[in-house]
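K.L.:
Numbering (the working numbering), first residue to last: 1 to 172. No residue lacks a Cβ here, since even glycine has one placed at the ideal position from N, Cα and C.
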């Protein structure tokens, strides 16, 4: 909801007031999310479309690289806000639960990225993926494994200039 509200603002205001920005893909999936949840009645609410839009928005945030401190990335921005004690205005201590929050967030990010990896697997895209329990062609299996390793190296390791990498660094 925070992201949808900030994305609806003019670009300058979002940058100046909230210090975050959205790319075209992020705005597109946020618009789909708004359309799925804004309705005149509960009957109009489209839960499946909303869930898919949340998944796609999460992917759009996680599948971005940046240089510098990365606070313009929405996930890095959000975790920075989580790390500040609202009462004192100071950083939270690890024993205050911040480490657990980061670990949980990192776990969820890992699941979202694995789903994105599976969604872009070329073996699945060409329709040669086997159903559970069926035999898999060795070449297709190797192709899927190679895809996973490339995806992991690009998006899921420390030093990849992604929000996932920043979360790993903050947790360390």
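Applying the 10 Å Cβ sphere with the 16-neighbour rule, what's the burial state of residue 53?
P.N.:
buried
K.L.:
Quick test of your reading: residue 27 and residue 50, contact by CB under 8 angstroms. State the CB separation rounded to the nearest angstrom.
P.N.:
About 17 angstroms separates the two Cβ atoms, so there is no contact after all.
K.L.:
Between which two residues does the alpha helix (DSSP H) harbouring residue 27 extend?
P.N.:
Segment 24-37, the alpha helix (DSSP H) holding residue 27.
K.L.:
Using only the alpha-carbon positions, how far apart do residue 172 and residue 162 sit?
P.N.:
16 angstroms
K.L.:
Tell me the DSSP secondary structure of residue 117 in three-state form.
P.N.:
helix
K.L.:
Quick one: what does DSSP say residue 123 is sitting in, helix, strand or coil?
P.N.:
helix
K.L.:
Could you check if residue 112 is buried or exposed, using at least 16 other CB atoms within 10 Å of its CB as the buried criterion?
P.N.:
Flag for residue 112 reads buried.
K.L.:
For my contact list, residue 57 and residue 30 are in at a C-beta cut-off of 8 angstroms; report their separation, rounded to the angstrom.
P.N.:
At roughly 6 angstroms, the Cβ-Cβ gap stays under 8 angstroms, so residue 57 and residue 30 are in contact.
K.L.:
From the DSSP output, read off the bridge partner residues of residue 84.
P.N.:
91
K.L.:
Residue 65 by DSSP, collapsed to three states: which one?
P.N.:
Here DSSP, grouped into helix, strand and coil, assigns residue 65 to strand.
K.L.:
Buried or exposed for residue 88, going by 16 or more other Cβ atoms inside 10 Å?
P.N.:
exposed
K.L.:
Determine the burial state of residue 77: buried for a count of at least 16 other Cβ atoms within 10 Å of its Cβ, exposed for fewer.
P.N.:
It counts as buried.
K.L.:
Looking at the strands, I want to know which residues DSSP matches up with residue 162.
P.N.:
In the DSSP output, where bridge partners are listed per residue, residue 162 has 65.
K.L.:
Going by the CB atoms, is the gap between residue 116 and residue 59 shorter than 7 angstroms?
P.N.:
yes
K.L.:
Rounded to whole angstroms, what is the Cα-Cα separation between residue 32 and residue 92?
P.N.:
35 angstroms
K.L.:
Would residue 170 and residue 102 qualify as a contact pair, given that the criterion is a beta-carbon distance under 7 angstroms?
P.N.:
yes
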